[in-house]
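So the structure is just underneath, and the comments pick up after that.
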Amino acid sequence: METSRGRLQADWRCGKFYARRGLMSTYKIQKLEYDMLVCHVHVPVLLYLNDQACFCSAEINANTQTVKHGPSVGKAAIGGPFSLINHDGKPVTEKDFMGKWTLIYFGFTHCPDICPDELIKLAAAIDKIKEKVGLEVVPLFISVDPERDTVEQVREYVKEFHPNLIGLTGDAEEIRKTARAFRVYYMKTEEEDSDYLVDHSIVMYLMGPEWEFVKFFGKNNDVDSLTEGVIKEIKQFKLKKEGHPLGT
Ligand SMILES: [Cu+2]
């Protein structure tokens, strides 16, 4: 599998996304035939190793099987308390999401392609879930680019995708802690000045009403499978915890 990275410049015009690629360099990561990938550098979500990417193909292959078949990682190991700032400049913690179902995506507003695609998918799934089972799942975007993703930047960005989409940013340390709690890998690439990319895991996390990790969804999910996947989890959860299925 081959990917590329380089200097990318992008902006939003009339809701459409344009990316301009400059000098490119390419490299290969052998034997990684799996589509839960990170933007620009391919690393599975489970390989979060002290802020460093590990490109050991043996490990990647070993983990691929695990990732493909769902959340076989310990549920307690994903998620946790956080303290960030929302797109209105207000402090937010996990407590603000108690009692709700939340679908989280980590990314950065300057991402030229994958983040917009994933957020469009997230927004469409949120609407479909509402339509099908009448449940409002909270869409949440958490920045992994605290340097450029100011409150204002995030506010303008989330508007592009869904009126309910909440954008969170914060200082570098809080972002680092939050990403670590979710086993999200991210790393700024070396580029000139402020023109850089952030390599990061591409994953959505479904969190339950007590901010407990329920399931993650990868880039391989389309709108329909994401919608059905979330509904299925919520139904199972309700049946198990509350003794009755969704909507009754
Ligand atoms: Cu991205």
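Position in the sequence shown counted from 1, then plus 5, gives you the working numbering. All residues carry an ideal CB built from backbone N, CA and C; glycine is no exception. None of the values given here were measured: they were computed from a predicted structure.
- For the set 137, 233 and 155, the Cα lying nearest the Cα of residue 94 is the one of 155.
- Rounded to whole angstroms, the gap between the alpha carbons of residue 92 and residue 109 is 15 angstroms.
- The beta-carbon distance between residue 145 and residue 107, rounded to whole angstroms, is 5 angstroms. This is short enough to meet the 8 angstroms contact definition.
- Annotation for residue 111: the continuous beta strand (DSSP E) segment containing it runs 106-112.
- The closest heavy atom of ligand 1 lies 7 angstroms or more from the beta carbon of residue 146.
- Pairwise C-beta distances place the segment 112-131 in contact with the segment 195-211, as three or more of them are shorter than 8 angstroms.
- With respect to residue 98, residue 147 sits apart: the two C-beta atoms are not nearer than 8 angstroms.
- The beta carbon of residue 214 lies closer than 8 angstroms to those of 103, 104, 105 and 106 in the same chain, with the five residues before and after it left out.
- The nearest non-hydrogen atom of ligand 1 is less than 7 angstroms from the C-beta of residue 113.
- Residue 143 has 107 as its beta-bridge partners, per DSSP.
- Under DSSP, residue 91 forms a beta bridge with 173.
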